[in-house]
Amino acid sequence: MVAGLIPAADERAVPPTVGRYRIEGVLGAGAMAVVYAGFDPEIERRVAIKCLRSAVAADPAYRARFVTEARAVGHLTHPHIVTLFDVGEMEDGRPYIAMERLSGDTLASRVAREGLPSLPVVIGLVEQIASALDYAHAQGVVHQDIKPENIMLSDGWQHAKVSDFGIAERRDLRHAGAPRREIGGTPAYMAPEHLRGERTDARSDLFSLGVVLYWLLSGKLPWEETGDVKRLLAERQRLPQPALQARDPFTPSILLDIVQTLLAPAPQDRYQRGAELIDDLRLALREYERLHQKPIATRLISLRLRWAGILAAVLSLTLLIGLAAIYARQNAAVTGLAQDFGRSLGRMVASEAAENLLLDDRAATRALVQDISRNRQIYYLAIANRYGEVIASTRADEAGRPLPARTNEEFLPGTGDITSYRVRIPDGNDPGEMLVFDVPVRYQTAKVGQLRLGISDAPLRAAQKTTLKAIVAVLLVTLAAVTGAAYWLFRRLLGLLDVLGEAMLRVGRGDFSHRIRLVRHDELGRLFAAFNLMSNALQARERRPRRSAARSSTPLELPTRILPAPEQVGDKVARD
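Just so we're aligned, residue 12 is where the sequence shown starts under my numbering, counting upward by one.
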């Protein structure tokens with residue numbers, strides 16, 4: 012199928028030949044032309060022959076334009092441009108052009124059948140089209156109708172060719188030209204100046220290519236499709252650069268900036284040549300591949316890894332110090348609550364045991380210890396009389412013996428006559444420690460005995476473990492979130508630095524005409540603008556004539572002279 016045409020199964024009169032070409036069928040038809048499948052018997056080559064319809068061919072102006080532009084485009088020879096072989100007239104006087112016949116699909120039909128391609132394929136196709144346009148523009152040919160229907164594909168998605176130069180114009184690069192009375196093209200893909208009937212140039216075609224790239228990245232056009240030119244111009248003025256929601260979440264930010272530059276309303280803000288676009292597309296592809304490549308062992312440490320690592324280390328240290336302080340305060344608070352509980356419980360048991368010790372009621376004292384020891388929070392309880400003899404204890408072997416002396420205790424801060432300390436639990440059932448409280452037993456003001464109460468610190472250790480887990484979780488989540496965000500931001504920054512670095516390398520090689528066309532409204536934008544100013548200054552200095560150190564006798568501006576040709580000089584000598 013041929014770009015820009017619809018199938019024409021109902022074409023009535025199919026000529027057997029057109030010029031020297033044998034007609035094998037109809038490839039497609041449009042409102043202005045019919046395209047036949049032809050065969051050149053002289054060189055045995057398959058061709059596509061585009062013939063004007065009779066009603067259109069009757070217009071002398073359009074007829075002359077068709078032939079003139081066909082001959083102009085016939086000089087284009089590029090691997091990504093459909094080749095034109097011949098131009099002529101049919102027997103009925105209608106003009107025709109013979110061009111390369113391709114077996115592939117148009118970009119529009121391929122997407123309709125298989126869906127949008129992957130991002131590397133998109134970048135490769137747009138780079139090929141930009142290369143073709145850059146070549147055509149260098150030859151003075153402006154296509155004026157770049158759209159998916161006019162892009163042919165072959166070898167799957169690998170090879171693209173620009174086709175249908177039916178409304179292309181050949182311009183003299185030395186003259187600006189005049190505004191036209193009529194315009195031609197597809198409004199949804201046309202640049203604003205093209206819609207206004209103003210002069211078009213290479214930047215207009217690049218605008219149309221930007222619309223194609225927008226469509227390939229998002230799956231939709233930047234502006235609503237309409238045949239009303241005034242309405243479309245109003246929509247362009249209301250929303251000059253619509254937001255782009257890329258389908259691929261890994262789309263490099265450089266590629267989004269490229270689309271914005273291509274769709275700039277003012278031609279001077281766009282890429283000036285296809286070669287400039289190709290350079291930035293290659294940077295975008297490099298950034299995309301960098302996002303998907305596997306880490307390679309190398310001595311070079313990327314700045315984004317280094318910056319993210321430094322940020323992670325500083326953040327980890329800060330969080331560790333803060334969370335360690337919080338843990339210490341929380342541990343002290345929980346320990347204080349445990350001490351308050353132990354003292355209160357010890358005073359309560361001592362008050363109940365005071366009368367039993369005063370009356371030397373050993374049975375009542377043992378009953379009290381047995382009853383209180385049922386509390387699971389109480390690990391150890393012993394009550395001794397005024398002489399230090401243990402009357403009752405949760406350990407049967409201590410009864411009748413002196414109350415054990417304290418050794419290797421870790422005393423805890425406290426107030427009053429109650430002493431608290433931390434000791435290792437003597438048996439192996441619980442590997443932890445217990446908090447022990449020595450409470451004097453008083454009856455009114457007289458001391459009648461001693462009470463030793465031990466409570467396990469298992470609940471305290473459980474609370475500390477829970478707190479520690481929460482602190483570690485907060486540390487890891489915060490560290491991952493901040494480091495990930497920093498890595499993403501640094502990646503975008505380094506992508507833009509690559510643009511600047513590549514531009515500086517080109518200037519270093521002597522290419523002072525290179526400019527950074529990406530538009531940003533931040534510090535990097537100021538840096539890009541400064542680079543462009545530097546390039547302007549270097550280019551102006553390169554063009555400025557150098558003054559010789561010694562004054563020459565030859566005038567700086569030599570007058571133009573008309574000299575006789577060599578043949579005329581020979582004739583004059585012969586006559587003499």
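Just so it is clear, CB atoms sit at the ideal spot from N, CA and C, and this is done for glycine as well.
In this text the structure is predicted, and so the values were computed from the model without any measurement.
Asked                                                                                                                    : Found
Any chain D beta carbon closer than 8 Å to D268                                                                          : The chain labelled as chain D is not found in the depicted structure, where only one protein chain is given.
Which listed residue (S264, K158, P71, R284) has its alpha carbon closest to that of L232                                : K158
Boundaries of the alpha helix (DSSP H) in which Q139 is found, first to last residue                                     : 130-149
Straight-line gap, R472 to P413 (C-alpha atoms, nearest Å)                                                               : 32 Å
For Y282, the first and last residue of its enclosing beta strand (DSSP E)                                               : First-last for Y282: undefined, no H or E at that position.
Closest Cα partner of G49 within the set G151, P26, V132, D268                                                           : P26
Cut-off 6 Å between Cβ atoms - residues of its own chain near A199, not counting five sequence neighbours on either side : L232, E236
Buried/exposed call for D351, threshold 16 Cβ in 10 Å                                                                    : exposed
Cβ contact check for the segment 389-399 and the segment 320-328: 3 or more pairs under 8 Å                              : no
Outcome for A72 when other beta-carbon atoms lying within 10 angstroms are tallied against a minimum of 16               : exposed
Opening and closing residue of the alpha helix (DSSP H) in which P470 lies                                               : 469-519
Closest Cα partner of D166 within the set A44, L136, R373, D468                                                          : L136
Chain-order list of residues whose beta-carbon lies under 8 Å from that of K3 (same chain, five-residue window excluded) : Not covered by the structure: residue 3. The range shown for the chain is 12 to 587.
Pair within 8 Å by beta-carbon distance, V380 and T346                                                                   : no
C-alpha distance - K172 paired with A541, whole-angstrom precision                                                       : 37 Å
Nonlocal neighbours in the same chain, by C-beta distance under 8 Å from A44, ignoring five residues either side         : L16, K61, C62, L63, R64, V67, G177
For I289 and V510, believed in contact at Cβ under 8 Å, the rounded distance                                             : Actually they do not touch by this definition, with Cβ atoms about 13 Å apart.
Endpoints, the beta strand (DSSP E) within which S404 is located                                                         : 401-404
N547, buried or exposed, once every other Cβ within 10 Å from all chains shown has been counted against 16               : exposed
Proximity to A335 [Cα-Cα], best of V483, E409, D268                                                                      : V483
First through last residue of the alpha helix (DSSP H) which encompasses K241                                            : 240-249
Which of helix, strand or coil DSSP assigns to S563                                                                      : Only weak support is given to the placement of S563: the predicted model assigns it a pLDDT of 36, under 50, and the value that follows is read from those uncertain coordinates. If DSSP states are grouped into helix, strand and coil, S563 belongs with coil.
Short Cβ contact (8 Å threshold) for D145 with G285                                                                      : yes
Span of the beta strand (DSSP E) around H205                                                                             : Per DSSP, H205 belongs to no beta strand (DSSP E); it is in the alpha helix (DSSP H), 203-206.
Exposure of R558, with buried meaning 16 or more beta-carbon neighbours within 10 Å                                      : Model confidence at R558 stands at a pLDDT of 47, short of 50, so the residue's coordinates are unreliable; what they give is reported in the following sentence. By the 10 Å Cβ count, R558 comes out exposed.
Of the residues Y498, A147, M101, the one placed nearest G85, counting alpha carbons only                                : A147
Cβ-based burial, N4 [other Cβ within 10 Å; buried from 16]                                                               : No answer is possible for residue 4: it lies beyond the span of the chain, which begins at 12 and ends at 587.
Nearest-angstrom beta carbon gap, D259 and L130 [assumed within contact, 8 Å]                                            : 5 Å
Own chain residues within Cβ distance below 6 Å of G399, not counting five before or after                               : P413, L414
Euclidean distance between Cα positions of R537 and H154                                                                 : 34 Å
Terminal residues of the beta strand (DSSP E) in which R453 lies                                                         : 444-454
S165 in three-state terms, based on DSSP                                                                                 : strand
Limits of the alpha helix (DSSP H) - the one that R121 falls within                                                      : 118-125
Runs of beta strand (DSSP E) wholly within the segment 46-81 (minimum 3 residues, chain order)                           : 56-63
Three-way DSSP call (helix, strand, coil) for Q381 in this model                                                         : helix
Within the segment 287-369, ranges of the alpha helix (DSSP H) (whole runs, at least 4 residues)                         : 314-369
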